[in-house]
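Trainee:
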Amino acid sequence: MERKKTIALVAHDNMKPDLVEWADWNRELLLCHSLVCTGTTGRMVADVLIGKKGDGKCRLDIRLLKSGPLGGDQQLGAMIAEGRIDALIFFWDPMEAQPHDVDVKALLRLATLYNVPTAVNRSTADFMVSSPLFDGDYEPVVKDYRGYVERSLGR
Ligand SMILES: O=C(CO)COP(=O)(O)O
């Protein structure tokens, strides 16, 4: 493994069992990176990763943000805008509207805008962490938005 990455893990309530199972399955890998999670997801992920012994090479490094509906998605979005997130694994619920749908949309929008590798279900999460690019020094290219920032507003 090259650089330690910062991986964001988030799941809506109906998807939390999936994410927790996935995290447990990938525990050795996750333990060797920094994790950032929305509050409730993070508590569940921490429980499962602490609960069993790893191979002892790495220790759990996890940061819990606020719960998603209480601002956690927005905190994560801000971290993405600041270039502090290397990958986002977000098992969002396709079957249930969320009270904070606008925050969910904003988070996914920023992840797309900043070209952050994003997995939205177990298969893409599996593809992401098993990709040879995941272990390398891959740096996603972020579009040059200078044209937008410096646009003329007729003043
Ligand atoms: O709501 C979420 C993502 O939109 C997740 O928040 P929690 O992990 O706090 O449940």
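Under the working numbering, the residue at position 4 of the sequence shown is numbered 1273, and the numbers go up by one with no gaps.
The C-beta atom is built at its ideal place from N, Cα and C for all residues, glycine as well.
Under DSSP, the alpha helix (DSSP H) around S1303 begins and ends at which residues?
Mentor: Careful: S1303 lies outside any alpha helix (DSSP H), inside the beta strand (DSSP E) at S1303 to C1306.
Trainee: In this structure, how does DSSP classify M1413 when only helix, strand and coil are distinguished?
Mentor: Reading off the sequence shown, one finds Asp at residue 1413, where the question assumed Met. The answer is coil: DSSP assigns D1413 none of H, G, I, E or B.
Trainee: Straight-line CA distance for N1283 to L1422?
Mentor: Computed Cα separation, rounded: 45 Å.
Trainee: Taking 7 Å as the cut-off, does the CB of S1336 come closer than this to any heavy atom belonging to ligand 1?
Mentor: S1336 Cβ: within cutoff of ligand 1.
Trainee: Is any non-hydrogen atom of ligand 1 found closer than 7 Å to the C-beta of H1302, if you look at the structure I gave you?
Mentor: Every heavy atom of ligand 1 is 7 Å or more from the Cβ of H1302, so no.
Trainee: Of all the alpha helix (DSSP H) runs that stay within the bounds of the region 1295 to 1357, which reach a length of 4 or more residues?
Mentor: Taking only runs of at least 4 residues, the alpha helix (DSSP H) segments lying wholly in the region 1295 to 1357 are 1296 to 1300, 1308 to 1320 and 1341 to 1350.
Trainee: Rank T1307, L1329, G1325 and D1324 by C-alpha distance to the C-alpha of V1317 and give the top, closest one.
Mentor: Looking at the Cα atoms, L1329 is the closest of the given residues.
Trainee: Determine the burial state of P1402: buried for a count of at least 16 other Cβ atoms within 10 Å of its Cβ, exposed for fewer.
Mentor: Per the sequence presented here, residue 1402 reads as Leu, with Pro not at that position. Per the 10 Å Cβ criterion, exposed.
Trainee: Once you ignore the five residues that flank D1293 on each side, which residues in its own chain have a CB closer than 6 Å to its CB?
Mentor: Cβ neighbours of D1293 beyond the five flanking positions: V1317.
Trainee: Can you say whether I1319 is buried or exposed, counting buried as having 16 or more other CB atoms within 10 angstroms of its CB?
Mentor: I1319 should be labelled exposed.
Trainee: For the structure I just gave you, are there three or more beta carbon pairs, one from the region 1383 to 1398 and one from the region 1351 to 1362, closer than 8 Å?
Mentor: Touching, per the Cβ criterion.
Trainee: Can you give me the C-alpha to C-alpha distance between E1419 and I1354, rounded to a whole angstrom?
Mentor: Roughly 26 Å between the two C-alpha positions.
Trainee: Tell me which residue opens and which closes the beta strand (DSSP E) that V1389 is part of.
Mentor: That residue, V1389, is in no beta strand (DSSP E); it is neither H nor E in DSSP.
Trainee: Please classify V1278: does DSSP put it in a helix, a strand, or coil?
Mentor: Checking the displayed sequence, the identity of residue 1278 turns out to be Leu instead of Val. Here L1278 sits in strand by DSSP.
Trainee: Measuring only from the beta carbon, is V1317 closer than 7 Å to any heavy atom that is part of ligand 1?
Mentor: No, ligand 1 has no heavy atom inside 7 Å of this Cβ.
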